[in-house]
Amino acid sequence: MSYESLDPFPESDADKIIEYANKVGERAVEDMINTIRDTFGHPEAIETRVDAWGFHAKQKLDQSLDSISNCRADLSAYWQGGAYDSFTIYLDHLEGIFQTAVDVFKEMSEHLKDIASTMTDVYNEGISFIYTCAGIIVEAMGGFASGITELFFGVAEVICDAIADFVRKCGETITVLNTAISEYRRTGQSLLHGVTDIRVPETIPQSSVDIGGWNVRDRVTP
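Residue numbers (our numbering): 1 to 222.
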């Protein structure tokens, strides 16, 4: 699995916001920005997990199912009898277990993909907040000479408002994200239960290894 390249993180814009946020005592801003960059800016961090549950596991399980199908076809071409019938029932048992595993692993892979997609969405939304806030700061700094009033610590009111808006928007996004994380956690736990519920194949029945129950299939001659 590969991810589309994310837009580069706007370091200089982020530093500018942090600088002015610190001036007005909004210390949480730096933590928010670090989270956007360091956590949500790396959806590839779960790429190996997606591949492990999805591509690699599915490939092995599909190979096992193919082997069972080929075995069934070869046996049915040459054999019949009670032991053969018993063994084909056992093959049904194996196929069912492997197919259940395929379904569970696929669901887990899709679940992890959804998490990566959410991380990307939050990152893109976060840097859009940074661009907007930094743009207002730069514009306000250029407007000091035009009469924009500075408040305390040399920070203009418009900058204070921009930082407050940044905090509000990030806070709303994080609230929505926390709800999504809770749902992802519940789904993940459910899927993990599905993994633990995958049965270990039963031992091949004795009736399947009864040599006398394997008879060469009669050939129909034209």
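Even glycine gets a Cβ: it sits at the ideal position worked out from N, Cα and C. A quick note: this is a predicted structure, and the numbers were derived from the prediction, not measured.
Around the Cβ of residue i, are there at least 16 other Cβ atoms within 10 angstroms (buried) or fewer (exposed)?
i	result
A140	buried
G41	buried
L192	exposed
A77	exposed
D74	exposed
I17	buried
V50	buried
I211	exposed
I89	exposed
D13	buried
Tell me the rounded alpha-carbon separation between residue i and residue j.
i	j	result
A21	S117	30 Å
T35	F98	40 Å
G171	W53	33 Å
R217	S190	47 Å
I127	K113	21 Å
L65	I115	29 Å
A28	R185	26 Å
C71	M108	29 Å
E110	V158	44 Å
I137	G188	42 Å
F129	E183	25 Å
E26	A134	15 Å
A156	F55	54 Å
R219	V200	37 Å
V195	D161	50 Å
A57	I68	17 Å
E95	I198	12 Å
T173	F87	57 Å
L177	V24	27 Å
F152	T39	With a pLDDT of only 49 at F152, under the threshold of 50, the placement of this residue in the model should not be trusted; the figure read from the coordinates follows. About 33 Å.
S208	K106	32 Å
P10	E202	57 Å
M175	D85	This sequence places Thr at residue 175; Met is not what is there. Using only the alpha carbons, I get a separation of about 59 Å.
G81	G213	5 Å
On a Cα-Cα basis, can you pick out the residue from the options that is closest to residue i?
i	options	result
I181	V122, I89, N70	V122
E125	R37, E30, D114	R37
T120	E47, G194, G96	E47
N92	N215, R219, I159, I204	Inspection of the sequence shows that residue 92 is occupied by Asp rather than by Asn. Measuring from the Cα of D92, the nearest candidate turns out to be I204.
D165	A156, T196, T132	T132
D15	I163, S67, T88, A57	I163
I33	G82, N215, Q80, K169	K169
D31	Q206, V167, Y84	V167
Could you give the DSSP three-state label for residue i: helix, strand or coil?
i	result
V138	helix
W79	strand
V104	helix
V216	strand
E11	helix
S146	Any answer about S146 is weak, because its pLDDT of 45 lies below 50 and its placement is not dependable; what the coordinates show is given next. Helix, per DSSP.
I211	helix
Next on the checklist: Across the segment 6-19 and the segment 34-50, are there enough close Cβ pairs to call them in contact, namely three or more that are closer than 8 Å?
Outcome noted: yes
Next on the checklist: Between the segment 95-113 and the segment 59-73, can you find at least three pairs of beta-carbon atoms closer than 8 Å?
Outcome noted: yes
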